[in-house]
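Below you'll find the structure, written out as structure tokens, and then a few comments.
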Amino acid sequence: MTQTLFGGLLAVVFIFIIGRKLNLSSYWSAILAGLLPFLGYLGYGVSHPQDGDVLAIHLVVFMATAAVLGVFSITWKKKEKMHWAPKLIIAFFIMLAILNAALLSVATHGLPDWVTSLILPSEDQQQVHTVFPGVIPHDRNKLYEPHQQQIEQQRHLGWQVEMEGLDDLKGGVRQTLKLTLRDAQGQPIAADRVMLGFWRMANSKDDRTMRLQPAGAGIYQGEAMLSDAGRWVVEIHIERGKDVYHTKKSLLVNDPS
1400 MTQTLFGGLL AVVFIFIIGR KLNLSSYWSA ILAGLLPFLG YLGYGVSHPQ
1450 DGDVLAIHLV VFMATAAVLG VFSITWKKKE KMHWAPKLII AFFIMLAILN
1500 AALLSVATHG LPDWVTSLIL PSEDQQQVHT VFPGVIPHDR NKLYEPHQQQ
1550 IEQQRHLGWQ VEMEGLDDLK GGVRQTLKLT LRDAQGQPIA ADRVMLGFWR
1600 MANSKDDRTM RLQPAGAGIY QGEAMLSDAG RWVVEIHIER GKDVYHTKKS
1650 LLVNDPS
């Protein structure tokens, strides 16, 4: 988004200048300068789908920039002194655009190193993440009732799941995980699929999933390497026919040192 937004701003300025060079009026130069980059962004959005709020941000920024260029061009042409009120409004929107751009940059790439060293804990003590970690679906609360039904179904299944190796995980170190699956009578279960998901609360870009492979009667193994130490959420998902076992729990990954 940062690249398309600022690249589009450069396109707005360039198209406006070209329009004036071709003797178009300031009005039509501003209209074309705001409209053409946005239409180009819509074409880009066909292969790279964007949310409605992102489209709105691009539209407002492109058109507002073109409008400011048009106003300045008309004032310059008439050699009139602009009243302080329009100047104040323009300055406000310029500062607003700069602030939004700064927040967008922090959300996308994180704070610069020199800023984090001033206001955040030392990286020698813990890993520091300042990038936006991701969003929670607005309808997440609607999943509560199905979740309760799933818990009740799992209670009737009576499956016994034992996980070995999770408590010993260390950031950046590849380690073996072992899952043992038995029924209510203690007999091993041959599952169709056993999946593990690791969700990083501090940085959703570190999220990953893995499939455990059969390693004996009711035993499933796999190797996992999590990027950093800290708080994670592990999700266990097991399928056998129409029967499904699903659970989550908090996981603290230790520092490799």
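Each residue of the sequence shown is one higher than the one before, counting from 1400 in the numbering used here.
Just so it is clear, CB atoms sit at the ideal spot from N, CA and C, and this is done for glycine as well.
Handout entry: Under the three-state DSSP convention, the category G1626 falls into
Key = Reading off the sequence, residue 1626 comes out as Ser, not Gly. Note: S1626 maps to coil in three-state DSSP.
Practice task
Give, in chain order, every unbroken run of the beta strand (DSSP E) that is at least 3 residues long and sits entirely within the stretch 1544-1599.
Solution key: Entirely contained in the stretch 1544-1599, the beta strand (DSSP E) runs reaching 3 residues are, in chain order, 1559-1563, 1574-1581 and 1592-1599.
Handout entry: Straight-line Cα distance separating R1639 from L1517
Key = Answer to the nearest angstrom: the Cα atoms are 53 Å apart.
Problem - L1438 - containing alpha helix (DSSP H), residue span - result: Element bounds for L1438: S1425 to S1446.
Exercise for the section: Starting from the Cα of A1410, find the closest Cα among A1590, F1461 and V1445 and give me that residue. Expected result: Cα-wise, what sits closest to A1410 is F1461.
Exercise for the section: To the nearest angstrom, report how far apart A1465 and D1450 are at their CA atoms. Expected result: Their Cα atoms are separated by approximately 23 Å.
Handout entry: Per-residue DSSP class, three states only, for G1621
Key = Here G1621 sits in strand by DSSP.
Handout entry: Buried or exposed (CB count within 10 angstroms, at least 16 for buried), H1447
Key = By the neighbour-count rule (16 or more Cβ atoms within 10 Å), H1447 is not buried but exposed.
Practice task
Would you tell me roughly how many angstroms separate the C-alpha atoms of R1610 and D1591, rounded to the nearest one?
Solution key: Computed Cα separation, rounded: 11 Å.
Practice task
Indicate whether G1570 and A1628 have their beta-carbon atoms separated by less than 8 Å.
Solution key: For G1570 and A1628, yes; Cβs fall inside 8 Å.
Exercise for the section: Verify whether the separation of the beta carbon atoms of L1576 and L1595 is less than 8 Å. Expected result: In this structure, L1595 lies closer than 8 Å to L1576 by Cβ.
Handout entry: Span separating the alpha-carbon of H1645 from that of V1560
Key = Their backbone Cα atoms lie some 10 Å apart in a straight line.
Handout entry: A1465 in three-state terms, based on DSSP
Key = In the three-state scheme derived from DSSP, where H, G and I count as helix and E and B as strand, A1465 is classed as helix.
Handout entry: Extent of the continuous beta strand (DSSP E) run through L1650
Key = From DSSP, the beta strand (DSSP E) with L1650 extends over D1642 to V1652.
Exercise for the section: Give the DSSP bridge partners of G1615, in chain order. Expected result: Per DSSP, I1618.
Practice task
Within the same chain, show all residues whose beta-carbon is closer than 6 Å to that of F1415, passing over the 5 residues directly before and after it, in chain order.
Solution key: Spatial neighbours of F1415 in its own chain (CB-CB distance under 6 Å, excluding positions within 5 residues in sequence) are listed in chain order as S1428, A1432 and L1468.
Practice task
Give the single residue among F1491, G1564 and D1642 whose Cα lies nearest to the Cα of Y1619.
Solution key: Among F1491, G1564 and D1642, the Cα nearest to that of Y1619 belongs to G1564.
Practice task
Select from S1603, Q1553, R1607 and D1606 the residue whose C-alpha is nearest the C-alpha of A1583.
Solution key: When only C-alpha atoms are compared, the closest one is Q1553.
Problem - Nearest-angstrom Cβ-Cβ length linking R1573 and M1494, presumed shorter than 8 Å - result: With a contact defined as Cβ atoms closer than 8 Å, R1573 and M1494 miss out at about 49 Å.
Handout entry: Simplified DSSP state of H1388, which is helix, strand or coil
Key = Residue 1388 is absent from the structure shown; the chain starts at 1400 and stops at 1656.
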